[in-house]
Amino acid sequence: MEDFNSIKSQIVKELNSKKLSDVLPSIIDFAQRTGSIALKQLCVNELYGYDANVELPEYRKIPVILYDKNGDKFRYYPKGSVIPLSEVNKREYYPYRGTIENMENMAISSDIRQFIVFKKPFKVSINGKAFIAHSFEYFSHEIKPCILTAKKKINAAIDNIDNADSFQEDKSLITLHEDIIKTSSKLFIDGYYRQAVLDATIGLVNQVKQKSQCYELDNTPLMQNVFSPNKPILKISKSKDIQQGIMWLFSGAIMAFRNAHAHKLNCQITKNECLEQLHFISYLHRILDKSELNPT
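End of the sequence shown = 295 in numbering that gives the first Met the number 0, gap-free, step of one.
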């Protein structure tokens, strides 16, 4: 049996030394294996973002300066009144529901002012008066305490787990490529096996497009063009036979997995079948990581 305490210690060590977004997939797997549903849901929300109907933690409310459509700052006081120095840069709090990775990117440099334009206007009430914000300004160093609070909350939840006897020896998610974990781990854990494979293949297609910069093709034609043994855009090997074999591996994954799962609503698979297919797609991701752009 795996050493429960050593795995727990390793996760805590990584939590305190790495980006939270990088560690969350391992914590989700750990929470699943220990039956810690609340911790799993917290980490899933942080990794994928909070749905509109989910209550947002206080640390997710980031300090901002709100602006209307004309770029005027929202004021707490009547127009034309004397502004106290303490009120000049006073900020509201915006409930940020995006991924923790986005928040980490927002906090990447200290004392940097950034503007964000809302896709949809944000309604806010100040001193009982309703306003509609079209953009906001934030200071990157003020995002860091929000992330630190999230880490502390997750750390405390892990610290409270002490059920080694019920720890499941299930490594099913740990060895998968990180892109598979991001796209499919929640679906796999929740038992949506068909959708987990479908999303994994969609993610693979998107990664191939991004690395090859070939956006005009999709699915099987994309794979056959990008990994062509004659004029490959992404080169795997000097051997044409190996290059062609890789082309058919990628093409076959799309033809067998994406097409089957996308075109048939009753195409159900078991947990083990799902895991085997995810591992195959994970292997293709690792091949893609090693591929090189072929100079034209």
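Cβ coordinates follow ideal geometry from the N, Cα and C atoms, glycine included.
- In this chain, serine 238 is not harboured by any alpha helix (DSSP H), its DSSP state being neither H nor E.
- Between glutamine 31 and isoleucine 61, the alpha-carbon positions lie close to 30 Å from each other.
- The three-state reading of DSSP puts arginine 32 in helix, counting H, G and I together.
- Remark: C-beta atoms of serine 290 and leucine 197 do not approach each other more closely than 7 Å.
- Scanning His284, Gln242, Glu100 for the CA closest to the CA of lysine 17 turns up Glu100.
- Non-local beta-carbon contacts of lysine 150 in its own chain, meaning distances under 8 Å to residues more than five positions away in sequence, involve Leu14, Asn15, Leu19 in chain order.
- With respect to isoleucine 280, alanine 199 sits close: the two C-beta atoms are nearer than 7 Å.
- The residues Leu46, Leu172, Glu177, Ile180, Lys181, Ser184, in chain order, have a CB closer than 8 Å to that of proline 24 in the same chain once the five nearest residues on each side in sequence are set aside.
- Ranked by how close their Cα comes to the Cα of arginine 90, the residues Asn104, Arg96, Lys72 have Lys72 in first place.
- The beta carbons of phenylalanine 135 and valine 63 sit closer together than 7 Å.
- Assignment of proline 294 by DSSP, reduced to helix, strand and coil, places it in the coil class.
- In the three-state scheme derived from DSSP, where H, G and I count as helix and E and B as strand, isoleucine 153 is classed as helix.
- With 16 or more other CB atoms across the displayed protein chains lying within 10 angstroms of its CB, lysine 39 is buried.
- Distance from methionine 102 to isoleucine 160 at the Cβ level is roughly 25 Å; contact not present, criterion being Cβ atoms closer than 8 Å.
- Alanine 255 is classed as exposed because its beta carbon has fewer than 16 other beta carbons within 10 Å across all chains shown.
- Inter-residue distance for valine 22 and leucine 175 is about 14 Å (C-alpha atoms, whole angstroms).
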